[in-house]
Structure formats: structure tokens, C-alpha cells
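> Position in the sequence shown (from 1) plus 1278 gives the number in our numbering.
Backbone N, C-alpha and C fix where the C-beta goes; we use that ideal spot for every residue, glycine too.
The structure presented is a predicted model; accordingly, all values stated were derived computationally and were not measured.
Take a look at this one; I'll ask things after.
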Amino acid sequence: MVNPSSQLTVGDVARIFGVETWQVRRVVDRLDVEIPRFGRYRLIPRVLLGTIAAGLRDSNWLPRQEDNDED
């Protein structure tokens, strides 16, 4: 189940997008935003989901919007 708070773990984000956790970590590591940690967990602000989705698409780990459109 996805955490309802304003911050998500890497695993939460991976489940939202249906990708592997290592893919989310790679994208987050490339961001110019410092991601806070709680122990060993990265706490990703929910507002970054769009940016992370774009990073996953740029890495070809998530289909682009137009790839999902059917004619």
C-alpha cells in the first residue's frame, strides 16, 4: 500500500510507476534536489513525482504518454 503522506519512499514511488526500485534511485540521484533521509530510507516529496516520471521516461524505463495512446 502506498504511503498517504506527502513523502514517499523509493519503494512507494517504484510501485506507483510499476518499475524497479533501482530505477527510481538512479533518477533521484540525478536530481538537483537534496532528498532527505530517515535512517536508510529516502523520503521523496510527492511533488517530485512528475519530475521522476519524466526522468524514468528519458531513461526509457517508463513508456512515454504518446506510446500509450491508441488510434
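Kindly list the residues whose CB is nearer than 7 Å to the CB of Ser1284, restricted to its own chain and excluding five residues on each side of it in sequence; keep chain order.
Mapped onto the sequence shown, residue 1284 falls at position 6. Pro1323, Arg1324, listed in sequence order.
> If I'm right that Arg1320 touches Val1306 with Cβ under 8 Å, what's the distance once you round it to whole angstroms?
Position 42 of the sequence shown holds residue 1320. Position 28 of the sequence shown holds residue 1306. Going by Cβ atoms, the distance from Arg1320 to Val1306 rounds to 7 Å, so yes, they are a contact pair.
> On the DSSP bridge assignment, give the partners of Ile1322 in chain order.
Along the sequence shown, read from residue 1 onward, the residue named residue 1322 stands at position 44. In DSSP, Ile1322 forms a bridge with Leu1286.
> For a quick check, are the C-beta atoms of Arg1303 and Gly1333 less than 8 Å apart?
One-based indexing of the sequence shown puts residue 1303 at position 25. One-based indexing of the sequence shown puts residue 1333 at position 55. Not in contact: Arg1303 and Gly1333 (Cβ atoms no closer than 8 Å).
> If we ignore side chains and look at the alpha-carbon of each, how far apart do Phe1316 and Val1291 end up?
For the purposes of this step, residue 1316 is taken as residue 38 along the sequence shown, with counting starting at 1. For the purposes of this step, residue 1291 is taken as residue 13 along the sequence shown, with counting starting at 1. Answer to the nearest angstrom: the Cα atoms are 16 Å apart.
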